[in-house]
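Novice: Sharing a structure below in structure tokens format, with a few things to ask.
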């Protein structure tokens, strides 16, 4: 793991500062995410500013991450339906999930065929094929991620909710990355 200072020594490299606050779901709206930080002075300024903005919240912690170019954004999630058990969710991610609500659900555990069907089952599936000069997303990595989440929530009933949003899905040969996540544990 590279230190923030080491990352900033690379020409053109940038950092992201995020606050980790219990109960805070939409970090961007609360001013709890700052991207494209290019130097240590700006990192200090943004940290101080964010700490003041969130001063009334219980115990904010902060994460500093290397900034990555966002490819196609998707959301992968899971929750428990009282009568049905664990369900896996997939759709376009980032702000798209809030506006378009283009998501599909399937009961876990998923088969590979069901995971593939979820990817093709959203209205915006063509975006994953690449549009307007953008490259196609690596759908096999998405299938693998859906299967892993499915296994995780099937094997761990204490996971009440899980959201991976956004997931930046790159073209084949490049890494797909979970950029933010939220997990709620039911301690019953």
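In the numbering used here, the protein residues as written are 1 to 188. Yeah, the Cβ is synthetic: ideal placement off N, Cα and C, and Gly gets one too. Since this is a predicted model, take the numbers as computed values, not measurements.
1) For residue 73, which of 83, 94 and 79 has the nearest alpha-carbon?
2) Cα-Cα, which of 71, 47 and 130 is closest to residue 165?
3) In three-state terms, what does DSSP make of residue 83?
4) Note the first and the last residue of the continuous beta strand (DSSP E) segment covering residue 182.
5) Helix, strand or coil for residue 163? Go by DSSP, reduced to three states.
6) Starting from the C-beta of residue 146, find all residues in its chain whose C-beta is less than 7 angstroms away, skip the five residues before and the five after it, and write them out in chain order.
7) Contact defined as beta carbons within less than 8 angstroms: I believe residue 61 pairs with residue 20. What is the distance between those atoms, to the nearest angstrom?
8) If you compare alpha carbons, which of 48, 39, 152 and 12 is closest to residue 32?
9) For residue 182, which residues of its own chain have a beta-carbon under 6 angstroms away from its beta-carbon, when the five flanking residues on both sides are left out?
10) If we ignore side chains and look at the alpha-carbon of each, how far apart do residue 124 and residue 10 end up?
11) State yes or no: is the C-beta of residue 14 within less than 7 angstroms of the C-beta of residue 37?
12) What are the boundary residues of the beta strand (DSSP E) that residue 65 is part of?
13) Give the DSSP-derived three-state secondary structure of residue 40 in the structure shown.
14) Buried or exposed for residue 157, please, with buried defined as at least 16 other CB atoms from any protein chain shown within 10 angstroms of its CB.
Specialist: For this structure:
1) When C-alpha distances from residue 73 are compared across 83, 94 and 79, the shortest belongs to 94.
2) 71
3) coil
4) 181-185
5) strand
6) 76, 88, 90, 110, 115 and 118
7) 4 angstroms
8) 48
9) 163
10) Going from the Cα of residue 124 to the Cα of residue 10 covers about 37 angstroms.
11) yes
12) 61-66
13) helix
14) exposed
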